[in-house]
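The next block holds one structure in the form of structure tokens; read it before the comments.
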Amino acid sequence: MDTILWPLKVAVAWVMVYIHKFLVLIGLSDGPGVAWVLSIIGLTIFVRILIMPLFVRQIRASRGMQLMQPELQALQAKYKGKKDAASKQRQQEEMMALYRKHGTNPFASCFPILIQMPIFFALFRVLANLQAIAEGTYEGRDSIGPLTADLANQVQHSTVFGASLSSSFMNPSDISSALTVKIVTVIMIIAMSATQWYTMAQLSMKNMPESSKNSDNPMMRSQRMMMTIMPLFFAFTGVQFQIGVLIYWVTSNLWTMGQQFYTISRMPAPGSEAEKKFRARENAKRARKGLPSLEEEERAKAEAEGKVSTSGQRAQPVRKDRQKKNSEQSSTADEAAMTAEGESSSRRPGGLTDEEIARRRYEKRARERKRAAERRKAQNKKKRRS
1 MDTILWPLKV AVAWVMVYIH KFLVLIGLSD GPGVAWVLSI IGLTIFVRIL
51 IMPLFVRQIR ASRGMQLMQP ELQALQAKYK GKKDAASKQR QQEEMMALYR
101 KHGTNPFASC FPILIQMPIF FALFRVLANL QAIAEGTYEG RDSIGPLTAD
151 LANQVQHSTV FGASLSSSFM NPSDISSALT VKIVTVIMII AMSATQWYTM
201 AQLSMKNMPE SSKNSDNPMM RSQRMMMTIM PLFFAFTGVQ FQIGVLIYWV
251 TSNLWTMGQQ FYTISRMPAP GSEAEKKFRA RENAKRARKG LPSLEEEERA
301 KAEAEGKVST SGQRAQPVRK DRQKKNSEQS STADEAAMTA EGESSSRRPG
351 GLTDEEIARR RYEKRARERK RAAERRKAQN KKKRRS
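Written as structure tokens, this is what we have:
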């Protein structure tokens with residue numbers, strides 16, 4: 001395994017050593033100490049920055065999976081009880097077409113974790129071999145890249161709350177500090193499991209539409225299962241990890257939490273709880289500026305494009321010559337409104353603020369669009385009667 005991971009071990013050692021040199025350059029003490037702890041945190045941040053495009057892809061894939069759930073459930077209902085090979089093949093083909101339509105796949109959300117695992121194991125092996133490197137007995141090598149025997153000895157004697165970076169619950173480096181290592185390990189395993197659970201809960205609880213949260217949704221079932229299994233997996237395997245590896249994973253989870261919080265708050269999935277909060281925040285900002293709400297703006301835009309009927313009736317098709325004439329009439333009305341409002345804006349009648357003038361201009365344009373839509377409907381009705 002060490003042979004396979006050797007290039008990654010050299011890369012991990014290189015990043016750690018040069019981050020340590022930078023920290024010493026800006027004033028931290030050389031030798032064993034906090035600079036080596038921060039170098040592992042710096043390694044984590046460096047790796048997470050490198051895989052940030054994968055994280056963006058993960059968020060988009062997760063959103064696509066959420067949006068396709070109603071169609072996926074309808075597809076499953078369509079083929080429910082059909083066990084013949086032809087039906088299974090058609091179901092698989094239609095399912096793949098759904099994935100292509102929404103630009104997602106069921107494995108995209110795993111990419112960031114899968115990419116990190118080799119780096120995770122490389123760091124594990126680097127820390128496991130510190131003593132051998134320090135003593136010059138490491139497989140005929142005197143270093144791992146720039147990590148020489150002297151630097152390995154420094155890392156080995158750097159501590160977190162009295163626990164060495166190379167120690168683990170099952171293998172404390174020093175008998176006298178065994179109890180301290182166990183306590184620190186348990187605390188970090190709890191932190192690692194809790195942050196892992198919360199990063200998954202953010203996506204499933206805050207950034208999923210209500211329609212996708214029912215127990216019949218296979219994605220929701222698998223998400224809940226992962227929320228239980230992953231923290232338990234890390235809790236049971238964490239006793240084998242060195243303190244330095246636990247620092248890496250806790251830092252990675254905290255980074256993920258921050259990334260997800262920012263992404264969910266700025267780009268929430270449609271229909272989710274996060275979107276409701278996003279719209280409430282944006283509407284409050286717009287109200288302070290005297291602008292219409294997001295819903296009003298979207299409805300006005302839809303009416304202007306003829307997608308929404310103001311009287312609740314379906315809009316009837318219009319001949320091309322009629323469409324051109326109505327478009328010219330609407331454009332003339334809009335230009336007249338803009339001219340009139342522009343003149344009134346320069347005069348500032350009644351001491352109105354710029355925001356109030358902008359709101360009135362918007363409302364006037366909306367009324368003009370509504371009247372134009374009504375005229376088109378009246379013309380359509382007249383045409384049908386004739």
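Under the UniProt record's numbering, the first residue of the sequence shown is numbered 1, with each subsequent residue one higher.
For each residue, glycine too, the CB sits at the ideal point set by N, CA and C.
Predicted model only: the values in this text are computed from it and were never measured.
Integer Cβ distance of residue i from residue j, believed to fall under 8 Å
i: residue 75; j: residue 95; result: 6 Å
i: residue 181; j: residue 163; result: 4 Å
i: residue 38; j: residue 23; result: 6 Å
i: residue 10; j: residue 145; result: 4 Å
i: residue 168; j: residue 241; result: 6 Å
i: residue 61; j: residue 104; result: 4 Å
i: residue 31; j: residue 154; result: 6 Å
i: residue 116; j: residue 202; result: Residue 116 to residue 202, Cβ: 18 Å. No contact.
Cut-off 6 Å between Cβ atoms - residues of its own chain near residue i, not counting five sequence neighbours on either side
i: residue 244; result: 40, 127 and 165
i: residue 28; result: 35
i: residue 267; result: none
i: residue 80; result: none
i: residue 252; result: 44
i: residue 230; result: 196
i: residue 275; result: 268
Through-space distance from residue j to residue i, alpha-carbon basis
i: residue 369; j: residue 269; result: 30 Å
i: residue 157; j: residue 33; result: 8 Å
i: residue 54; j: residue 367; result: 46 Å
i: residue 16; j: residue 195; result: 24 Å
i: residue 282; j: residue 296; result: 13 Å
i: residue 47; j: residue 255; result: 11 Å
i: residue 69; j: residue 101; result: 12 Å
i: residue 285; j: residue 264; result: 18 Å
i: residue 238; j: residue 85; result: 44 Å
i: residue 232; j: residue 18; result: 35 Å
i: residue 304; j: residue 120; result: 54 Å
i: residue 44; j: residue 186; result: 21 Å
i: residue 336; j: residue 373; result: Residue placement at residue 336 cannot be trusted, given a pLDDT of 48 that sits under 50; the coordinates are not used to answer.
i: residue 272; j: residue 58; result: 17 Å
i: residue 52; j: residue 199; result: 16 Å
i: residue 228; j: residue 292; result: 44 Å
i: residue 175; j: residue 129; result: 18 Å
i: residue 21; j: residue 138; result: 24 Å
i: residue 122; j: residue 88; result: 42 Å
i: residue 77; j: residue 382; result: 45 Å
i: residue 364; j: residue 262; result: 37 Å
i: residue 342; j: residue 361; result: Confidence in residue 342 is poor, its pLDDT being 45 and thus under 50, which makes the residue's placement too unreliable to answer from.
i: residue 131; j: residue 277; result: 52 Å
i: residue 380; j: residue 298; result: 25 Å
i: residue 258; j: residue 371; result: 48 Å
i: residue 92; j: residue 118; result: 32 Å
Classification of residue i by the beta-carbon crowding that lies within 10 angstroms, buried from 16 upward
i: residue 56; result: exposed
i: residue 248; result: buried
i: residue 384; result: exposed
i: residue 82; result: exposed
i: residue 171; result: exposed
i: residue 387; result: Coverage of the chain is limited to positions 1 through 386, which leaves residue 387 absent and any answer about it impossible.
i: residue 349; result: Any reading at residue 349 needs caution, since the residue's pLDDT is 47, under 50, leaving its predicted position unreliable; the model's value is listed next. Residue 349 should be labelled exposed.
i: residue 124; result: buried
i: residue 287; result: exposed
i: residue 50; result: exposed
i: residue 246; result: buried
i: residue 346; result: Caution applies to residue 346, whose pLDDT of 43 falls short of 50 and renders its modelled position unreliable; the value that the coordinates give is listed next. It counts as exposed.
Residue range of the alpha helix (DSSP H) that includes residue i
i: residue 244; result: 243–266
i: residue 285; result: 273–289
i: residue 153; result: 149–156
i: residue 83; result: Neither: residue 83 is in no alpha helix (DSSP H) and is coded neither H nor E.
i: residue 42; result: 34–50
i: residue 130; result: 130–135
i: residue 186; result: 178–201
i: residue 302; result: 294–304
i: residue 172; result: Careful: residue 172 lies outside any alpha helix (DSSP H) and carries neither H nor E.
i: residue 77; result: 69–78
Close Cβ partners of residue i (< 7 Å) along its chain, the five nearest in sequence each way excluded
i: residue 7; result: none
i: residue 235; result: 189 and 193
i: residue 13; result: 126, 144, 145, 146 and 147
i: residue 250; result: 188, 191, 192 and 195
i: residue 64; result: 102, 103 and 104
i: residue 279; result: 294
Residues of its chain near residue i, where Cβ-Cβ distance is below 8 Å and the 5 sequence neighbours each way are ignored
i: residue 98; result: 68, 71, 72 and 75
i: residue 90; result: 79
i: residue 184; result: 160, 161, 162, 163 and 243
i: residue 141; result: 133
8 Å Cβ cutoff, residue i in contact with chain C
i: residue 90; result: Absent from the structure: chain C. Only one protein chain is present.
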